[in-house]
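Numbering (this note's numbering), first residue to last: 651 to 1030.
Where is the CB? At the ideal position from N, CA and C, for every residue including glycine.
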Amino acid sequence: MQNTGAATVKIVSIVGARPQFIKAAPVSRALRRHCREILVHTGQHYDINMSEIFFSELNIPRPDYSLEVGSGTHGQQTGLMLIKAEEVMLKEKPDVVLVYGDTNSTLAGSLAASKLHIPVAHVEAGLRSFNMKMPEEQNRIVTDHLSTLLFCPTDTAVRNLKNEGCTKRVFNTGDVMYDAILYNMRQIEKTHTMQACLGKLRLIDGFPEKAAPLTAIQANAYYLATIHRAENTDSDERLQAILRSLGELRLPVILPLHPRTKKNISKSPDIIPKNICFVEPIGYQEMLYLTKNAKVIITDSGGLQKEAYFLNVPCVTVRDETEWLETLEGRWNVLSSPDAIAAHVERTDMVRNTPKSMFGDGAAAEKIAVIISENIEIGV
Ligand code: UD1
């Protein structure tokens, strides 16, 4: 390994899905201080409110390449991304390919690069749910084992890699999502209000009318929920159990609806409880504001579990396991079956006083950029 001059490092970064845009915002900012970045958007998420809104709101540079892959089966989507990402890499000949997280875009990017013997840098390396049925678990394990630089958000992630024999060029940088939160909250606290955030929410057309208007909702008197994982949305029985349990809650539930969930709920809109306000997906800053002011978060998203934790809001996670074990300490976060959501939500008024320094110091992106720029001749 040699430091041969930061300015010459050329990186192709691959993003494609909503959580990757959030992670790319601080990382791109830092990378561009040290290296030359070419940004590739696979097009896995393509709706304006799943993609474009994040680029404009978070000041992410325009992608240099848009692969426009869109939806499909896992094989179709990943295969098409692999073909198109390889074309970009052959043309650009980067020193490093950077991938984020655990989506099909991550897998396609890391596979295309490693077949071309281009070193892969993985942001959010080492996370494990130990549930191999999850596409995310398959994607992250393969990506970690193909990667040359492994950027872990926590000590748990470092340990997981060690248990799989990955110990070289593993760095605990802290979590780039923590960087993103600190950066954005400074602004949000000055500019956002409850009324303005509620005013921006758009109820989903064609769903039953709500008991009360959205704008009547008060801070700390609502729950914020998101449900999008295949294991929760693809079984009608499980999805209906989740909705039933949310319907038992006494306060309104604001639920920004992911397209996959919308498709599956649309099949039986008559089962939707009156206290759930289904709204179109919302931008990052409004989501942070609504998270900070919610009484409890109910989710199956990895990102939102952490955002709740960083913002000191209790969270009920509708999954059998979580990759973010740190959030369970002090019961900031609890795992729940669909039927037990309401019971857990009621039980969340307990003392939580665990120290919270397990996700770094808010400078993860800068550390990642420096490590990459100092490791130009890493080989694979
Ligand atoms: C993907 C990631 C998941 C991540 C999530 C964040 C994989 C395997 N999963 O899941 O890890 O937590 O993103 O949201 O990569 N759709 C639209 N408009 C869009 C995007 C998707 O209508 O802009 C529809 C698709 O047609 C498809 C469904 O939503 O029917 C799912 O999209 P897909 O990208 O396959 O996976 P996600 O569930 O979003």
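Contact belief for residue i with residue j at Cβ below 8 Å, rounded distance in angstroms
| i | j | result |
| --- | --- | --- |
| P906 | P931 | 5 Å |
| A758 | V747 | Contact doesn't hold; Cβ gap of about 11 Å is too wide. |
| H684 | A1019 | 5 Å |
| S755 | Q670 | 7 Å |
| L796 | V826 | That pair is no contact at about 20 Å. |
| R836 | P988 | Wrong, their Cβ atoms sit about 37 Å apart, outside the cutoff. |
| I948 | A993 | That pair is no contact at about 12 Å. |
| V719 | L730 | 5 Å |
Same chain, Cβ closer than 8 Å to residue i, five either side skipped, listed in chain order
| i | result |
| --- | --- |
| Q868 | M844 |
| V820 | A775, G776, L800, C802, V808, L811 and K812 |
| V622 | Given that the chain is displayed from residue 651 to residue 1030, the structure contains no residue 622 and the question cannot be resolved. |
| Q788 | L757 and M782 |
| H724 | N754 and P785 |
| I892 | I877, N882, V968, P988 and I991 |
| I1022 | V659, I661, L681, H684, C685, V746, L748, A771 and L799 |
| N914 | T883, D884, D886 and L889 |
| N983 | Q955, A958, Y959, P964, C965, V966, T967, T972, W974 and T977 |
Same chain only: Cβ atoms within 6 Å of residue i, ignoring 5 sequence neighbours per side
| i | result |
| --- | --- |
| T865 | L848 |
| G933 | I703 and E707 |
| P923 | G897 |
| R668 | H695 and M700 |
| K1017 | T823 |
| D829 | P676, G1012, A1014 and A1015 |
| D950 | I877, R879, N882, V968 and R969 |
Near the ligand UD1: residue i beta-carbon under 7 Å from a heavy atom
| i | result |
| --- | --- |
| R668 | yes |
| E934 | It should be pointed out that residue 934 corresponds to Tyr in this sequence rather than to Glu. No, Cβ of Y934 sits at least 7 Å from all heavy atoms of the ligand UD1. |
| T753 | yes |
| Q694 | yes |
| R790 | no |
| H878 | yes |
| P909 | yes |
| P785 | yes |
| M700 | yes |
| K913 | yes |
| S706 | no |
| S779 | no |
| S895 | no |
| D884 | no |
| E987 | Note that residue 987 corresponds to Ser in the displayed sequence, not to Glu. S987 Cβ: outside cutoff for every heavy atom of the ligand UD1. |
| S721 | yes |
| D825 | no |
| D697 | yes |
| D797 | The question names Asp, but residue 797 is Ser in the sequence shown. No, the ligand UD1 has no heavy atom inside 7 Å of this Cβ. |
| S760 | no |
| S916 | no |
| S716 | no |
| S951 | yes |
Cα-Cα separation between residue i and residue j, rounded to whole angstroms
| i | j | result |
| --- | --- | --- |
| T941 | R790 | 27 Å |
| N834 | Q935 | 7 Å |
| V966 | S986 | 7 Å |
| I661 | E687 | 5 Å |
| I768 | S663 | 12 Å |
| S701 | D970 | 29 Å |
| R879 | R894 | 18 Å |
| Q727 | R679 | 28 Å |
| R981 | G693 | 37 Å |
| G952 | P964 | 14 Å |
| I926 | A735 | 40 Å |
| V690 | L732 | 12 Å |
| S716 | F780 | 33 Å |
| I672 | K818 | 27 Å |
| T841 | K741 | 43 Å |
| Y620 | V946 | As shown, the chain starts at 651 and ends at 1030. That puts residue 620 outside it, with no answer to give. |
| V1030 | C816 | Summary for V1030: the model assigns pLDDT 45, below 50, so the residue's position carries little reliability, and this model does not support an answer. |
| A958 | I1026 | 36 Å |
| G655 | G1010 | For G655, the predicted structure reports a pLDDT of 43, less than 50, and the residue's modelled location is therefore unreliable. A value from the coordinates is still provided. If you take the alpha carbons of G655 and G1010, they lie about 27 Å apart. |
| P713 | P744 | 16 Å |
| L766 | T793 | 15 Å |
| R778 | E814 | 11 Å |
| D752 | I921 | 33 Å |
| D697 | S721 | 11 Å |
Residues of its chain near residue i, where Cβ-Cβ distance is below 7 Å and the 5 sequence neighbours each way are ignored
| i | result |
| --- | --- |
| L832 | G1012 |
| N943 | M844, A869 and N870 |
| I838 | Q935, L938 and Y939 |
| R910 | H878 and T883 |
| L975 | T806 |
beta-carbon residue i near the ligand ADP non-hydrogen atom, thresh 7 Å
| i | result |
| --- | --- |
| Q726 | For the ligand ADP, the structure offers nothing, since it holds only the ligand UD1. |
CB contact below 8 Å: residue i versus chain C
| i | result |
| --- | --- |
| K840 | Among the chains of the structure shown, chain C does not appear; only one protein chain is present. |
Sequence ranges, beta strand (DSSP E) only - wholly within the stretch 782 to 855, length at least 3: 799 to 802 and 820 to 822
Inside the stretch 907 to 986 only - beta strand (DSSP E) runs reaching at least 3 residues: 926 to 929, 946 to 949, 965 to 967 and 983 to 985
Entirely within the stretch 691 to 719 and at least 4 residues each: give me those alpha helix (DSSP H) ranges in chain order. Counting only runs of 4 or more, we get 702 to 707.
Within the stretch 722 to 785, note down every full alpha helix (DSSP H) run reaching 4 residues or more, in order along the chain. 724 to 742 and 754 to 765
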